[in-house]
Amino acid sequence: MAVLAHAEAGEIAARLRDFALPDHQDLRAPENGLVMLRGRVGGDGAPFNLGEATVSRAAVKLASGEVGFGYTLGRNSEKARLIALCDALVQSRDFGGAVERDVIAPLREQLMIRRQQAAAETAATKVDFYTMVRGEG
Amino acid sequence: MTTIAELPPGFADKVLSAQSTFRSVMDAMARPGSVRRIVPGAGAPDMVMRGTAAIALTLFDHDTPLWLDAPMAASPDVVKWLKFHTGAPVVQDSSIASFALIGEGAALPPLERFALGTSEYPDRSTTVILQVESLDAGRSFELRGPGIDGAATVQASIRPFDLFERLRFNEPLFPRGIDVVLVADDAVVAIPRTTRVVSKGS
Chain A
1 MAVLAHAEAG
11 EIAARLRDFA
21 LPDHQDLRAP
31 ENGLVMLRGR
41 VGGDGAPFNL
51 GEATVSRAAV
61 KLASGEVGFG
71 YTLGRNSEKA
81 RLIALCDALV
91 QSRDFGGAVE
101 RDVIAPLREQ
111 LMIRRQQAAA
121 ETAATKVDFY
131 TMVRGEG
Chain B
1001 MTTIAELPPG
1011 FADKVLSAQS
1021 TFRSVMDAMA
1031 RPGSVRRIVP
1041 GAGAPDMVMR
1051 GTAAIALTLF
1061 DHDTPLWLDA
1071 PMAASPDVVK
1081 WLKFHTGAPV
1091 VQDSSIASFA
1101 LIGEGAALPP
1111 LERFALGTSE
1121 YPDRSTTVIL
1131 QVESLDAGRS
1141 FELRGPGIDG
1151 AATVQASIRP
1161 FDLFERLRFN
1171 EPLFPRGIDV
1181 VLVADDAVVA
1191 IPRTTRVVSK
1201 GS
C-alpha cells in the first residue's frame, strides 16, 4: 500500500494496462475528504493538530469476491481506485503473483531509488557543527 | 489477508443518486400519501429493499444513531453493509435513535419507545422507515392533514395492520411525534406526524 500510495497514478495505470483485468465493480466510488494530521513536538512531545490534508479513498470488489481498499493523500480519485484495484488483485489467487511481480516490485524499486537519491542529495549538504573546547585560562 | 465479503456496492454516482433520493423523500414528506419513486442506484443486502437501501445511503451518517429491528440486527450482512457505507452507529436503545429501520412490520415495537423529540427540539425524534409489502394494492386509507388538499387516498398492504391506530398517539404529542416513511421496493409514502387517517375502506 505504501508503495502504491507513493507512486504516480499514471505509472500504476501504465503497468496495469498489460493485464487482462477480471470483472470488477466499485464498492465505494472514489471520494475525497480531509484528515487531521497530528504532530508531536520533537517526535515524542504532546500531540497537537498540525493541519488538515486531503485524502481520497475507494473500495473495489472483484467478480471473484475479493475486496480491495485504496487510500492516498491528495485528490486524485482515479489513483485511489487504482490502488484499491491493485489491493484486490493482490489478494486473488489468479493475479496475486503477477501483480506483485509486474506492478508492485518495479514501483518499489523506483521508490527506493528516488529515496536514496534524495537522501544522497541531502547528505551532500550535511554540515557538522562542533563546539570548540574552551581554553583553560 | 483475504477479504471475501458479500458486500453489495453503494451508489455508483454518490452525489446525483443521493440528491434524487433526497428529492423523492422530501416530496413524499411534503405531500403525505402520495407515492414517490426512488431511482435505485445502489445494491442492497438481503432483507433490505432497493428503496430502503437508497434512503439509508442518503440520510444516514455517523451523526444519526440507528436502531434496527431484531431480524436486521441479527443479520451480519445488513449491519456490515450499513456500517461500511453509512458509518451510522447502530444503537440498542431505540429512545436515542434518529432513524429506525423496520424490515418486518411485525417487529415494530411500541412507538413510545422511540425518541419523541422535545418541545424545544421536536426535530430530535425518530424517523421510522418501515418496509411494507405493497403501496399500490391492499386496503385503502384516507389521509388528511397539512400538505394534503382535502383528502388523499393511499392503497397499501401494511403490517402491522393497526399501524395507523398506533400512530394516533402522535395527536396529543404535537409538536413532538414520530414520522413514518413507508417503503415498498422503490415506492415511498411518508406519513409525517401531522397526518391523520380519517377513514379506511376495505
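Keeping their order, the protein sequence lines are chains A and B.
Going by this note's numbering, the first residue of the first sequence is number 1, and it counts up by one from there.
Going by this note's numbering, the first residue of the second sequence is number 1001, and it counts up by one from there.
Where a beta carbon is used, it is the ideal one built from N, C-alpha and C, also for glycine.
DSSP three-state label for Pro91/A, please.
Here residue 91/A is taken as the residue at index 91 of the first sequence, counted from 1. Note that residue 91/A corresponds to Gln in the displayed sequence, not to Pro. It is helical.
Please classify His1062/B as buried or exposed, where buried requires at least 16 neighbouring CB atoms within 10 angstroms.
Here residue 1062/B is taken as the residue at index 62 of the second sequence, counted from 1. Exposed, because fewer than 16 other Cβ atoms sit within 10 Å of the Cβ of His1062/B.
Decide if the stretch 1057-1072 of chain B is in contact with the stretch 1096-1103 of chain B; the criterion is three or more beta carbon pairs, one per stretch, under 8 Å apart.
Yes: at least three Cβ pairs fall under 8 Å.
Less than 7 Å separating the beta-carbons of Ala144/A and Thr72/A?
No answer is possible for residue 144/A: the residues shown for chain A start at 1 and end at 137.
Is the Cβ of Gly1087/B closer than 7 Å to any Cβ of chain A?
Counting from one through the second sequence, the residue named residue 1087/B turns up at place 87. No - not a single Cβ of chain A is within 7 Å of the one on Gly1087/B.
To which residues of the same chain is Ala1137/B closer than 7 Å at the C-beta, ignoring the five residues directly before and after it?
As a working mapping, residue 1137/B is identified with position 137 in the second sequence. Correct list, in chain order: Gln1155, Ser1157.
Between Thr1002/B and the rest of its own chain, which residues show a CB-CB distance below 8 Å, the 5 nearest in sequence each way excluded?
By one-based count along the second sequence, residue 1002/B stands at place 2. The predicted position of Thr1002/B is uncertain, since its pLDDT is 44 and thus under 50; a value taken from the coordinates is nonetheless stated next. Closer than 8 Å at Cβ, skipping near neighbours: no residue.
Only counting the same chain, and skipping five residues up and downstream in sequence, which positions put a Cβ closer than 8 Å to that of Arg38/A?
Mapped onto the first sequence, residue 38/A falls at position 38. Correct list, in chain order: Pro47, Phe48, Asn49, Leu50.
According to DSSP, is Asp1123/B helix, strand or coil?
Here the question's residue 1123/B lines up with position 123 in the second sequence. The answer is coil: DSSP assigns Asp1123/B none of H, G, I, E or B.
Using only the alpha-carbon positions, how far apart do Gly10/A and Val99/A sit?
To locate residue 10/A, count along the first sequence from 1; it is residue 10. To locate residue 99/A, count along the first sequence from 1; it is residue 99. Cα to Cα, Gly10/A sits roughly 16 Å from Val99/A.
For Ser92/A, which residues of its own chain have a beta-carbon under 8 Å away from its beta-carbon, when the five flanking residues on both sides are left out?
The sequence position of residue 92/A within the first sequence is 92, counting from 1. Result list for Ser92/A: Pro22, Leu62, Ser64, Glu66, in chain order.
Short of 7 Å Cβ to Cβ, which residues in the stretch 21-34 of chain A face chain B?
Cβ contacts with chain B come from Gln25, Asp26, Leu27, Arg28, Ala29, Glu31.
Can we say the stretch 1076-1085 of chain B touches the stretch 1117-1128 of chain B, given the rule of at least three CB pairs closer than 8 Å?
No, the stretch 1076-1085 of chain B is not in contact with the stretch 1117-1128 of chain B.
Taking only the alpha-carbon atoms, compute the straight-line gap between Ala13/A and Leu82/A and give it to the nearest angstrom.
The residue labelled residue 13/A in the question sits at position 13 within the first sequence. The residue labelled residue 82/A in the question sits at position 82 within the first sequence. One C-alpha to the other measures close to 7 Å.
Below 8 Å on the Cβ atoms is my contact criterion, and I expect Val1132/B with Arg1159/B to pass it. Report the Cβ-Cβ distance as a whole number of Å.
Working through the second sequence from its first residue, we reach residue 1132/B at position 132. Working through the second sequence from its first residue, we reach residue 1159/B at position 159. That pair is a contact at about 7 Å.
Would you mind stating whether Leu1135/B and Val1189/B have Cβ atoms separated by less than 7 Å?
Position 135 of the second sequence holds residue 1135/B. Position 189 of the second sequence holds residue 1189/B. It is a contact, given that the beta carbons lie within the stated cut-off.
Mind the definition here: the stretch 1082-1096 of chain B touches the stretch 1143-1152 of chain B only if three or more C-beta pairs lie below 8 Å; say whether that holds.
Contact fails: fewer than three Cβ-Cβ distances are below 8 Å.
Counting Cβ pairs closer than 8 Å, one from the stretch 18-33 of chain A and one from the stretch 1005-1017 of chain B, do we hit at least three?
The stretch 18-33 of chain A vs the stretch 1005-1017 of chain B: in contact.
May I have the straight-line CA-CA distance separating Thr1052/B from Asp1185/B, to the nearest angstrom?
One-based indexing of the second sequence puts residue 1052/B at position 52. One-based indexing of the second sequence puts residue 1185/B at position 185. Their backbone Cα atoms lie some 8 Å apart in a straight line.
Any beta carbon from chain A within less than 7 Å of Gly1041/B's own beta carbon?
In the second sequence, the residue the question calls residue 1041/B occupies position 41. Chain A, which has no Cβ nearer than 7 Å to the Cβ of Gly1041/B, makes this no.
Which runs of the beta strand (DSSP E) fall wholly inside the stretch 1063-1093 of chain B and span at least 3 residues, in chain order?
Entirely contained in the stretch 1063-1093 of chain B, the beta strand (DSSP E) runs reaching 3 residues are, in chain order, 1066-1068.
Does Lys1083/B have its Cβ less than 7 Å from a Cβ in chain A?
In the second sequence, residue 1083/B corresponds to position 83, counting from 1. Cβ-Cβ to chain A under 7 Å: no for Lys1083/B.
Could you list which residues in chain A have their beta carbon closer than 7 Å to that of Lys1014/B, in chain order?
As a first step, residue 1014/B is located in the second sequence; it is residue number 14 there, counting from the start. Per Cβ cutoff of 7 Å: Ala29, Glu31.
Please name the residue in Ala105/A, Ser56/A, Ala119/A whose C-alpha comes closest to that of Gly74/A.
Residue mapping note: residue 74/A aligns to position 74 of the first sequence, counting from 1. When each option's Cα is compared against that of Gly74/A, the closest is Ser56/A.
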